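Shown next, in structure tokens, is the structure this report addresses.
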Amino acid sequence: MMFGAIHIYEAKEPLLKPKEKVRLMATGEKRKLVVYNAPVIEIDHEERILQKLKIKLGPDPLSSEWNKAKGIENILSRPEQEIGVALLDQFVIAGVGNILRNEILFRAKVHPERPVASLSIQEIERIVNYAERLSRGFLDYYKLQGMGIRDLLFVYNRFSGFCNVCGHPIKFYMQKPINRKTFVCEGCKNSILLMLQDVMCSMNFSGVYCSIPLAW
Ligand SMILES: [Zn+2]
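The numbering of the sequence shown is this note's numbering, which starts it at 180 and goes up by one.
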């Protein structure tokens, strides 16, 4: 699980966070690297760490080796975990950070606090499909076209905003135990759009995710 933060400071610069939260500090001549709040810190040779990560990390939507079935399998292997928590685990799907997590679940119309065991296979497929599409979309906007990703955000950081789909207020809270910013629309479950999406999924229409413009 990805917790904590890494800061790099000038050698004599004061720390921005309290000393009690420091888990590792590496000081060089000019700069120091500080790791805060990480539950586990592993120090090893770079190649060995990369090899271990490659074996353990979930499938990467941006990789040519992307494996949607493995992403679904990894989610299903955590039946008691809330989907909003599971999605941040890099061993489920690699590269999903907090912004993506919020946007994926909003578009898939799945509440982040629902346990994985309560999700239908259609809902899990929607989540994994959006993980792939949004990962590629963010990369395309942010890195390839040099544009900000604000236009792609339907819920993230929309404090006091309203849902683009149903007009319901966007709810903001910190999801436990990960303590991450979470934005949800609790009005979308009754939307006609969602019902249409579910009917089409249950009838195995291929390409359904592309056929609903609001779901991007
Ligand atoms: Zn809504």
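Glycine included, C-beta positions come from ideal geometry on N, C-alpha and C. Quick caveat: nothing in here was measured; it's all calculated off a predicted structure.
Return yes when the C-beta of residue i is under 7 Å from any heavy atom of ligand 1, and no when it is not.
| i | result |
| --- | --- |
| valine 295 | no |
| valine 289 | no |
Is it the case that the Cβ atoms of residue i and residue j are separated by a distance below 8 Å?
| i | j | result |
| --- | --- | --- |
| lysine 211 | methionine 204 | yes |
| leucine 284 | isoleucine 300 | no |
| alanine 248 | valine 295 | no |
| glutamate 282 | leucine 332 | yes |
| valine 289 | glycine 250 | no |
| leucine 279 | leucine 313 | yes |
| valine 129 | isoleucine 220 | Nothing in the structure corresponds to residue 129, since the chain is present only between 180 and 395. |
| proline 238 | isoleucine 185 | no |
| alanine 229 | phenylalanine 270 | Sequence check: residue 229 is leucine here, not alanine. For leucine 229 and phenylalanine 270, no; Cβs fall outside 8 Å. |
| isoleucine 303 | leucine 255 | yes |
| cysteine 342 | glycine 316 | no |
| threonine 361 | proline 258 | no |
| valine 363 | lysine 350 | yes |
Over what stretch of residues does the beta strand (DSSP E) that includes residue i continue unbroken?
| i | result |
| --- | --- |
| lysine 354 | This sequence places glutamine at residue 354; lysine is not what is there. Start and end: 349-354. |
| leucine 203 | 201-206 |
| phenylalanine 317 | That residue, phenylalanine 317, is in no beta strand (DSSP E); its alpha helix (DSSP H) goes 300-318. |
| valine 363 | 359-364 |
Could you tell me which residues DSSP pairs with residue i in its beta bridges?
| i | result |
| --- | --- |
| isoleucine 185 | Val214 |
| phenylalanine 341 | Pro348 |
| glutamate 261 | Pro294 |
The alpha helix (DSSP H) spanning residue i covers which residue range?
| i | result |
| --- | --- |
| lysine 247 | 247-255 |
| isoleucine 278 | 277-287 |
| isoleucine 228 | 225-235 |
Which residues have a Cβ closer than 6 Å to any heavy atom of ligand 1, listed in chain order?
Cys342, Val344, Cys345, His347, Cys364, Gly366 and Cys367
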